[in-house]
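Colleague: In our numbering, the protein residues as written are 381 to 1049.
The structure under discussion is supplied below as structure tokens; questions concerning it will follow.
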């Protein structure tokens, strides 16, 4: 027999404040495979920036030759370009072909736009660009590139594979099989400085599927930030992409992606109908650089950086309103790490410089879950800020989850996400409420997610992608809704692959999901899908809610044995049901967000006032037989939100909530 509950919604007293849809925002960062997964480029190491392998080939590529003496070497790049150029030399006496290749996955019938920057020996008249099936050697698409001599030239061409192939190979080849030249004269040499391959259905540089799924999320706001931003200089990633320098990603290793700079980020925001939030470099950067970045985005064409934006092809100001100063400066892992007092003075210099450029912007200051940091920053900078940021990663750091935590203990611990967020938020709210000079300051939770363990190099598949994580994230979103009088912005971490439970997933080997396996091992490396949390956030963000309603829940409980020492929360019983509610601006649509965190089914009576007279409600259900269910390339829709109708009997709505499940109920008068 199911457990019983009563959910009472005060439908007659909507909140005075409006819920900001930016609460359902998202976050992009150049971290691990986020950009590789998000961007549509088929090839990697497009500028030959990697170190040479044993053959002298940039390590993102490999040698392709049937000759004994084909030579390879990395040399200086073309003028105005960064990285290296790849030299390939065929000795005429070998009568062979030689070049470089890279494994790719292609879709049949889809045109791929190829861009090549190259120069060649004078007697080398042509190269071949082709896509083959690695297993059979079958040529799927092939074209000849007429070379225009010894100076650097850009060549643009198109390849259309005859059919889809998961294990294909892209090649650029030379041949001495039909040519005779004098090797002593430096013949038979080709230099490549850039090679890219972009599917024609991409939207800008971004995968079409990523744009489409992001639009389904209706995120409201998109944040550009993360650890890498504290060593990021925006001028390195504006202007002609081939002239942008290849820069080391000082936070995460590897190379910073120069193909997704300011203009590309703002184009992505436009394409996904989201408001941009940019975090400036308050680590290795300066107030002057932050002001220049702001002027680049918002300045008129008569300003120095507005004119630069116009020369880069964007004459109209972007009008970026939301700017964050500093990412996790409180942490020793962050470039520019400092004390709260040092940061506050630094923040003030940044705020003054940026307000001098555009006084209408909204400024966010780097806050912390540590109330003492916030107390100091507010005391010195409150009059120069509009919002204070918090990052809440729930798991290892909040309730001590490790890989050795038994699932029976782990599950209730991760389900305490809203209680932990409430504790973190309330400590800062007490400080704000305690001083009238702070009354204008709101909170922005600019990073949050479940974090089962900080070391993401794990065997198996990350728990952050499970139904369990989605249920916890849903309950936490309920807390954000309840706290929306104070919280204006939420940024789920991350949007695509990347850090923990990237909301959108691309491919079969990214971000530890199948660590150690090569791309394409599953035959589904082009699969793009949403995690269970994706489906939660889609269901939440697409509802028409403006005012928040108070909810009282008489619910069964579950035992939370760990508590949270960090936030002074003692072990004890927590309510199985976590419920939030709101109405649209006219008061004609009621929405309930109901999460069953327990492991037993619950029959809940809904006391929803006059809305019960409608007799029916639309309902979205996210559930599964096992809370460790996960979406992957084999079953990308193992967990999705199922839409249906809830009919009321005798004007008494009764909702049955399955174990570890999420429900969104929409009632219209």
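Glycine included, each C-beta is placed from N, C-alpha and C at the ideal position.
1. Using 10 angstroms around the beta-carbon of residue 381, count the other beta-carbons present and answer buried if the total reaches 16, otherwise exposed.
2. Answer yes or no: do residue 553 and residue 603 have a C-beta to C-beta separation smaller than 7 Å?
3. Shortest alpha-carbon distance to residue 448 belongs to which of 476, 442 and 431?
4. Please name the residue in 651, 670 and 652 whose C-alpha comes closest to that of residue 659.
5. Going by DSSP in three states, residue 1049 sits in which element: helix, strand or coil?
6. Going by DSSP, which residues form a beta bridge with residue 579?
7. Report buried or exposed for residue 587, applying the criterion of at least 16 other Cβ atoms within 10 angstroms of its Cβ.
8. Is the Cβ-Cβ distance between residue 961 and residue 931 less than 7 Å?
9. Taking 7 Å as the threshold (C-beta atoms), are residue 705 and residue 727 in contact?
10. What residue does the alpha helix (DSSP H) around residue 752 start on, and which one ends it?
11. Go through the segment 775-838 residue by residue and report every complete run of the beta strand (DSSP E) that reaches 3 residues or more, in order.
12. Looking only at its own chain, which residues have a Cβ that is under 6 Å from the Cβ of residue 637, when we skip the five neighbours before and after it?
13. Quick one: is residue 997 buried, meaning 16 or more other Cβ sit within 10 Å of its Cβ, or exposed?
14. Does DSSP put residue 649 in a helix, in a strand, or in coil?
15. Can you name the start and end residues of the beta strand (DSSP E) that residue 929 belongs to?
16. Quick one: what's residue 728 bridged to in DSSP?
17. Counting Cβ pairs, one atom from each stretch, are 3 or more of them under 8 Å apart for the segment 572-581 and the segment 859-874?
18. Evaluate residue 460 with the Cβ neighbour count: other Cβ atoms within 10 Å of its Cβ, from every protein chain shown; 16 or more gives buried, anything less gives exposed.
19. How many angstroms separate the CA atom of residue 564 from the CA atom of residue 473?
20. Do the segment 704-719 and the segment 739-759 make contact, defined as three or more Cβ pairs closer than 8 Å?
21. Cutting at 7 Å between CB atoms, please list the residues of its own chain near residue 1028, excluding the five before and the five after it.
22. What are the residues that DSSP puts in a beta bridge with residue 961?
23. Relative to the ligand FMN, is the shortest distance from any of its heavy atoms to the C-beta of residue 726 smaller than 6 Å?
24. Judging by CA-CA distance, which residue of 730, 768, 852 and 739 is the nearest neighbour of residue 775?
25. Assuming residue 673 is part of the alpha helix (DSSP H), what are its boundary residues?
26. Would you kindly work out how many angstroms separate the C-alpha atoms of residue 562 and residue 878, rounded to a whole number?
27. I need the straight-line Cα distance from residue 1042 to residue 971, nearest angstrom please.
28. Just reading off the beta strand (DSSP E) that residue 745 is part of, what are its end residues?
29. Let me confirm a value: residue 808 is counted as buried when at least 16 other C-beta atoms fall within 10 Å, else exposed. Which label applies?
30. Within the segment 448-523, note down every full beta strand (DSSP E) run reaching 3 residues or more, in order along the chain.
31. Whole angstroms are fine: how far does the CA of residue 639 sit from the CA of residue 417?
32. Taking 8 Å as the limit between beta carbons, can you name the residues of its chain near residue 625, skipping five residues before and five after?
33. For residue 802, which of 527, 593, 771 and 1005 has the nearest alpha-carbon?
34. What are the boundary residues of the alpha helix (DSSP H) that residue 611 is part of?
35. Does DSSP put residue 393 in a helix, a strand or coil?
36. Going by DSSP, which residues form a beta bridge with residue 374?
Modeller: Straight from the coordinates:
1. The residue is exposed, with fewer than 16 neighbouring Cβ atoms inside 10 Å.
2. Residue 603 sits away from residue 553, with the two beta carbons spaced by 7 Å or more.
3. Comparing Cα positions, the closest option is 476.
4. Closest option to residue 659, Cα to Cα, is 670.
5. Coil.
6. Residue 579 pairs with 492.
7. Per the 10 Å Cβ criterion, buried.
8. For residue 961 and residue 931, yes; Cβs fall inside 7 Å.
9. A distance below 7 Å separates the beta carbons of residue 727 and residue 705.
10. Counting along the chain, residue 752 sits inside the alpha helix (DSSP H) bounded by residues 751-761.
11. Fully enclosed beta strand (DSSP E) runs of 3 or longer: 822-831.
12. Same-chain partners within the cutoff: 410 and 415.
13. When all chains shown are included, residue 997 counts as buried.
14. Looking at residue 649 - three-state DSSP - the assignment turns out to be helix.
15. Residues 927-929.
16. Looking at the DSSP assignment, residue 728 forms no beta bridge with any residue, so it has no partner.
17. Here the segment 572-581 does not lie against the segment 859-874, with fewer than 3 beta-carbon pairs under 8 Å apart.
18. It counts as exposed.
19. In a straight line, the C-alpha of residue 564 is about 12 Å away from that of residue 473.
20. A contact between stretches requires three or more CB pairs, one per stretch, nearer than 8 Å, and the segment 704-719 meets this requirement with the segment 739-759.
21. So the qualifying residues of the chain are 992, 995 and 996.
22. Per DSSP, 929 and 972.
23. Of the ligands one can find in the structure shown there are none, so the ligand FMN has no counterpart to examine.
24. Out of 730, 768, 852 and 739, 852 has the C-alpha closest to the C-alpha of residue 775.
25. Counting along the chain, the alpha helix (DSSP H) containing residue 673 begins and ends at 667-678.
26. Going by C-alpha positions, residue 562 is about 50 Å away from residue 878.
27. Using only the alpha carbons, I get a separation of about 13 Å.
28. It spans 742-745 - the beta strand (DSSP E) in which residue 745 sits, taken as one unbroken run.
29. Under this definition residue 808 is a buried residue.
30. Here the runs fully enclosed are 451-456, 464-469, 477-486, 492-500 and 506-513.
31. C-alpha separation (whole angstroms): 13 Å.
32. Only 462, 616 and 638 meet the Cβ criterion.
33. Across the set 527, 593, 771 and 1005, the C-alpha of 771 shows the shortest separation from the C-alpha of residue 802.
34. DSSP places residue 611 outside any alpha helix (DSSP H), giving it a letter other than H or E.
35. Coil at residue 393, not helix or strand.
36. Outside the modelled stretch of the chain, which goes from 381 to 1049, sits residue 374, for which no answer is possible.
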